[in-house]
Each structure stands twice: as structure tokens, then as C-alpha cells.
Amino acid sequence: MSDLRSAIKREIESGEFNCEKELTLSIISGKWKIIIIYYLGTEGVLRFSEINRLLPKISHKVLTTQIRELEEDGVVHREVFAEVPSKVEYSLTTLGESLIPIVLMMDEWGKKNIKHFPIAKNV
């Protein structure tokens, strides 16, 4: 668990939590989480290999960790089918679906403002 997620969890459990924005950031923090949420929200139910294909630069270990954290936070649902070979599908929960407007707004903001960042001129 990342330091931010651990700190927020401790604050909530101890009653010292005071900023809902921190909670939101702790849920979606991580280089790939917003993109995973985006694809599950726009593509629908996906298997691990399909998510991996959509994110070719992510390692298997990091993808596993990011999905597990999203699952632990109640954003992603993991369904395991009793088949051989095993079949696992991922989808957004109702809570995860409620993040889609935020993710789409972030996408729109990025498209609108990318020109203001020098590093983006090479993209």
C-alpha cells in the first residue's frame, strides 16, 4: 500500500481525517489507476490481458498492484470464473462508475491545456 493510501487509512480509522480531496487522491493516485478506471469505464468488462494490451508500458507486477488497490478500495470488481484455464474479469463497481465524470473531466482538461507545458510540445 502506498504511503498516501496508508496515511489516509490511518486518519480515517483514528477519526483525524479532515479532507475529502485527500481521500479522492488516495484512491486514484498511482500512475496507472486513472487510466485503468478510464478503460474499464469506456470499454466495459475487461480481462487482465486486455487491460495489459491497452497499457503496453506497464509491468505485470505494477498492473496487478494497481488493480488490487482499486479492488481493495471498492472501485473495481474482480470476478473469477470456475473454468480451466481460469478466467478473471474486471469491471467498475457503482463507486468506480461514479469516478468516470471526474476522469473524463481530467482528460478534457489535459487535452485543452497540454499546449501550456513545454515537455508536451514533443508529443
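Going by full-length UniProt numbering, 12 is the number at position 12 of the sequence shown; the sequence numbering is gapless.
For every residue, glycine included, the Cβ atom is placed at its ideal position computed from N, Cα and C.
Computed from a prediction, not measured in an experiment: that's the story for all the values here.
(request) Hey, could you find the ends of the alpha helix (DSSP H) glutamate 71 is sitting in? (result) On the sequence shown, residue 71 is found 71 positions in, with the first residue counted as 1. Looking at the DSSP string, the run of the alpha helix (DSSP H) that includes glutamate 71 is 60-72.
(request) State the beta-bridge partners of leucine 92 as determined by DSSP. (result) Locating residue 92 in the sequence shown gives position 92, where the first residue counts as 1. Its beta-bridge partners are Val76.
(request) Return yes when the Cβ of tryptophan 32 is within less than 8 Å of the Cβ of valine 76, no when it is not. (result) Here residue 76 is taken as the residue at index 76 of the sequence shown, counted from 1. Here residue 32 is taken as the residue at index 32 of the sequence shown, counted from 1. Contact flag unset, no.
(request) Pick helix, strand or coil for methionine 1, following the three-state DSSP scheme. (result) Working through the sequence shown from its first residue, we reach residue 1 at position 1. Bear in mind that a pLDDT of 49 at methionine 1, under 50, signals an unreliable position, so the number given afterwards is only what the model happens to contain. Reduced to three states, the DSSP call for methionine 1 is coil.
(message) Quick check on phenylalanine 117: does DSSP put it in helix, strand or coil?
(response) What you label residue 117 is simply residue 117 of the sequence shown in a count that begins at 1. Reduced to three states, the DSSP call for phenylalanine 117 is coil.
(request) Taking all protein chains shown into account, decide if glycine 44 is buried (16 or more other Cβ within 10 angstroms of its Cβ) or exposed. (result) In the sequence shown, the residue the question calls residue 44 occupies position 44. Counting Cβ neighbours within 10 Å, glycine 44 comes out exposed, since fewer than 16 surround it.
(request) Apply the 10 Å Cβ neighbour rule to serine 26 and answer buried if 16 or more other Cβ atoms are within range, or exposed otherwise. (result) Reading the sequence shown from its first residue, position 26 is the one you call residue 26. It counts as buried.
(message) Restricting to Cα atoms, I'd like to know which of Lys9, Gln66, Tyr90, Thr94 is closest to isoleucine 34.
(response) The sequence position of residue 34 within the sequence shown is 34, counting from 1. When each option's Cα is compared against that of isoleucine 34, the closest is Gln66.
(request) Measure the Cβ-Cβ separation of glycine 96 and isoleucine 37 and say whether it is below 8 Å. (result) Numbered from 1 along the sequence shown, position 96 holds the residue referred to as residue 96. Numbered from 1 along the sequence shown, position 37 holds the residue referred to as residue 37. Contact flag set, yes.
(message) In the DSSP output, what is leucine 46 paired with across the bridge?
(response) Within the sequence shown, residue 46 is the residue found at index 46, counting from 1. Its beta-bridge partners are Tyr90.
(request) Report the option in Thr24, Leu55, Val103, Phe48 whose CA atom is closest to the CA atom of glutamate 79. (result) Numbered from 1 along the sequence shown, position 79 holds the residue referred to as residue 79. Minimum Cα distance to glutamate 79 is reached at Phe48.
(message) Please classify glycine 110 as buried or exposed, where buried requires at least 16 neighbouring CB atoms within 10 angstroms.
(response) For the purposes of this step, residue 110 is taken as residue 110 along the sequence shown, with counting starting at 1. By the neighbour-count rule (16 or more Cβ atoms within 10 Å), glycine 110 is not buried but exposed.
(message) Could you tell me the alpha carbon to alpha carbon distance between asparagine 52 and glycine 41, rounded to whole angstroms?
(response) For the purposes of this step, residue 52 is taken as the residue at position 52 of the sequence shown. For the purposes of this step, residue 41 is taken as the residue at position 41 of the sequence shown. Roughly 16 Å between the two C-alpha positions.
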